[in-house]
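Engineer: Dumping the structure here so I can ask a few things about it.
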């Protein structure tokens with residue numbers, strides 16, 4: 030392609046991305062963003078409540094290192110959060126969730142300290158990195174293949190796929206496309222080093238790969254493409270090609286060692302499985318999730334199986350394995366004489382492996398699978414729409430292109446321009462308190478049944494961001510994923526009865542014992558794994574202390590806690606606390622009066638409303 034034509038392609042792509050993603054709507058921060066804001070700016074009121082890692086005087090470096098901090102049992106922050114109460118008593122006592130992403134954290138520090146958390150400026154900041162990612166993707170594929178139609182279509186597929194564009198609406202997910210930008214540049218320079226013997230490009234590739242690893246752990250998937258290149262495209266043969274990957278393998282090993290020594294990563298929780306800490310558990314999930322991730326890419330349906338009953342997922346996985354193997358056999362006949370296609374196929378398949386660390390098989394790290402997967406899809410589209418093909422094949426090709434490109438581009442543009450409303454549901458986790466109380470200062474907030482353990486973790490950060498008072502303690506008595514009965518026994522003692530869903534291995538059941546094959550509430554069940562460990566077993570007589578509460582497990586049925594007693598140790602009168610329950614019917618928190626001694630309250634779960 031002539032240089033002037035390339036410039037026109039870059040200009041067209043830049044204008045398309047800007048037009049489709051320009052932030053005309055003021056998207057508020059949400060979820061993890063609240064945690065990042067408070068961590069990177071500090072909170073006087075939360076640090077005074079015992080969360081000392083949120084002190085405003087924390088050093089700049091410590092704030093950057095903690096920018097993706099949730100909780101960490103090794104550094105003591107998990108204990109602080111359990112004592113405060115937003116990490117509930119049923120959370121993993123030895124769990125940790127703290128990725129190390131300092132380069133991405135630096136960009137969020139800019140958001141909240143230099144841009145003053147102005148969401149419009151933050152969206153422009155997001156768009157800047159997304160535009161960089163789009164241009165880098167186009168640059169990579171224009172240099173990777175001589176078929177520029179394939180390069181353009183591949184870029185369109187990647188940039189406008191849900192695995193990328195959906196993350197533009199979440200500030201905390203920015204690291205996904207920054208990491209992919211660095212990774213693609215690294216792969217470009219690696220290829221240039223091996224094919225053109227430009228030694229300085231080896232240094233560039235290594236440094237960019239290191240930068241990608243410091244932006245997102247998912248960048249380790251780039252190793253798959255280095256290995257695939259060695260086996261399929263290295264002009265010196267696969268043996269020397271593998272030797273060339275050794276510096277990158279050593280870099281990954283050193284990064285992982287330092288990562289572990291720093292106490293970073295996910296451990297003893299159910300939502301993430303870190304292969305560097307629990308290889309056997311990871312391998313078992315690999316077989317389950319591998320075909321789901323591949324099929325999500327092919328079908329553009331993200332998070333397949335998220336609403337399914339957990340015991341049905343293996344059957345879905347087996348069915349998708351059969352389809353995937355059939356597709357691979359078919360693809361193998363068409364790529365055996367095409368080294369670049371073989372490289373992209375092998376790279377994409379191997380890139381699925383680290384993506385299986387997220388048990389929801391969601392979109393956040395599937396972007397590395399998309400590099401090879403969408404290249405192969407683009408070559409298929411170009412093959413099908415060629416004028417030499419039959420009308421039927423051309424029709425199929427245009428339908429695939431429309432489904433994967435035209436519809437996403439149109440949908441994203443309409444959403445960005447505000448022509449399609451974005452529903453935002455607020456569970457009123459704070460406004461309902463304000464209706465009855467002018468201030469929560471020096472008060473304890475008692476939550477009878479919280480709908481989401483992950484949301485509970487974030488709640489105090491949200492209140493602090495909004496400039497509202499935070500409670501002295503958050504005393505969550507039970508998760509709200511099943512129907513429960515709460516009876517007040519004495520001044521400070523309460524009896525809770527029901528099949529309590531304390532982690533992912535506890536099934537969500539209705540009162541009649543039924544469990545529907547599909548329910549949107551299963552997502553809450555899975556996300557509970559952010560703070561709970563799937564193998565935690567509770568036994569009668571077990572005592573747990575958390576947030577000035579003593580939990581006494583009284584009975585279990587089939588390994589599921591059926592009855593336990595909560596004793597408040599703070600001795601604060603009940604009417605001096607703020608009491609809330611979650612209403613699944615109206616999907617909001619409601620402030621209630623404390624129970625009288627001897628009074629019983631029934632709290633229906635989501636499957637019984």
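Residue numbers (my numbering): 30 to 638.
Even glycine gets a Cβ: it sits at the ideal position worked out from N, Cα and C.
Expressed to the nearest angstrom, what Euclidean distance is found between the alpha-carbon atoms of residue 613 and residue 550?
Structural biologist: Near 10 Å, if we compare the C-alpha coordinates of residue 550 and residue 613.
Engineer: Here's the rule: buried if 16 or more other CB atoms are within 10 angstroms of the residue's CB, otherwise exposed. What is residue 193?
Structural biologist: The residue in question, residue 193, is buried, as its Cβ has 16 or more Cβ neighbours within 10 Å.
Engineer: Take residue 592 and list the residues in its own chain whose beta-carbon comes closer than 6 Å to its own, dropping the five residues that flank it on each side.
Structural biologist: Taken in chain order, the residues that qualify are 526, 583 and 584.
Engineer: Which whole runs of the alpha helix (DSSP H) in the segment 227-314 are 4 residues long or more, in chain order?
Structural biologist: List check, alpha helix (DSSP H) in window: 228-242, 251-261, 267-273 and 275-290.
Engineer: Using only the alpha-carbon positions, how far apart do residue 272 and residue 242 sit?
Structural biologist: Looking at the two C-alpha atoms, the distance is approximately 21 Å.
Engineer: Measure the C-alpha to C-alpha separation of residue 49 and residue 156 and round it to an integer number of angstroms.
Structural biologist: Roughly 11 Å between the two C-alpha positions.
Engineer: Classify residue 448 as helix, strand or coil using the three-state DSSP reduction.
Structural biologist: If DSSP states are grouped into helix, strand and coil, residue 448 belongs with coil.
Engineer: Is the segment 247-262 in contact with the segment 207-224, if contact means three or more CB pairs nearer than 8 Å?
Structural biologist: Verdict: yes, contact present.
Engineer: Just grab the DSSP bridge partners of residue 594 for me.
Structural biologist: For residue 594, which the question treats as bridged, DSSP gives the partners 524 and 581.
Engineer: Within 10 Å of its beta-carbon, does residue 165 have 16 or more other beta-carbons around it, so buried, or fewer, so exposed?
Structural biologist: It counts as buried.
Engineer: Whose C-alpha, out of 362, 483, 321 and 604, is nearest the C-alpha of residue 345?
Structural biologist: If we check each option's Cα against that of residue 345, 321 comes out closest.
Engineer: If you check the beta carbons only, do residue 183 and residue 245 fall under 9 Å apart?
Structural biologist: Contact: no.
Engineer: Cα separation between residue 214 and residue 89?
Structural biologist: Their Cα atoms are separated by approximately 29 Å.
Engineer: Suppose contacts are defined by Cβ-Cβ distances below 9 Å. Is residue 9 in contact with residue 575 by that definition?
Structural biologist: Examination of residue 9 is not possible in this model, given that the chain is present from 30 through 638 alone.
Engineer: If you compare alpha carbons, which of 520, 44, 368 and 362 is closest to residue 173?
Structural biologist: When only C-alpha atoms are compared, the closest one is 368.
Engineer: For the alpha helix (DSSP H) holding residue 519, just list the boundary residues, first then last.
Structural biologist: Run containing residue 519: none; DSSP gives neither H nor E here.
Engineer: Thinking residue 82 and residue 127 are a contact (beta carbons under 8 Å), I'd like their distance in whole angstroms, please.
Structural biologist: Between residue 127 and residue 82 the Cβ distance is about 11 Å, and since that is not below 8 Å, they are no contact.
Engineer: For residue 442, which residues from the same chain have a beta carbon less than 6 Å from its beta carbon, with the 5 sequence-adjacent residues on both sides left out?
Structural biologist: Result list for residue 442: 49, in chain order.
Engineer: Got a sec, what are the start and stop residues for the alpha helix (DSSP H) residue 548 sits in?
Structural biologist: Residue 548 -> no alpha helix (DSSP H), and no H or E assigned at all.
Engineer: Determine the closest residue to residue 603 out of 300, 521 and 404, with distance taken between C-alpha atoms.
Structural biologist: When only C-alpha atoms are compared, the closest one is 521.
Engineer: With a Cβ-Cβ cutoff of 9 Å, do residue 611 and residue 630 count as a contact?
Structural biologist: In this structure, residue 630 does not lie closer than 9 Å to residue 611 by Cβ.
Engineer: Thinking C-alpha only, which one of 143, 41 and 64 is nearest residue 163?
Structural biologist: Minimum Cα distance to residue 163 is reached at 41.
Engineer: Just to confirm, is the Cβ distance from residue 621 to residue 518 under 9 Å?
Structural biologist: Contact: no.
Engineer: Under 8 Å Cβ to Cβ from residue 460, same chain only, skipping five residues before and after it: list those, please.
Structural biologist: Because residue 460 sits at a pLDDT of 49, beneath the cut-off of 50, its placement in the model cannot be relied upon, and the following sentence gives the value as read from the coordinates. For residue 460, where only same-chain residues beyond five positions count, there are no Cβ hits under 8 Å.
Engineer: State the DSSP-derived secondary structure class of residue 203, mapped to helix, strand or coil.
Structural biologist: DSSP places residue 203 in coil when its eight states are reduced to three.
Engineer: Short of 8 Å in beta carbon distance, which residues of its chain neighbour residue 537, apart from the five on each side in sequence? Order them along the chain.
Structural biologist: Excluding positions up to five away in sequence, the list reads 510, 511, 530, 544, 548, 550, 551, 554, 634, 635 and 636.
Engineer: What residue does the alpha helix (DSSP H) around residue 49 start on, and which one ends it?
Structural biologist: Per DSSP, residue 49 belongs to the alpha helix (DSSP H) from 32-50.
Engineer: Evaluate contact between the segment 382-390 and the segment 307-323, counting only Cβ atoms and requiring at least three cross-stretch pairs below 8 Å.
Structural biologist: As far as the Cβ criterion goes, the segment 382-390 touches the segment 307-323, which means the pair count is three or higher.
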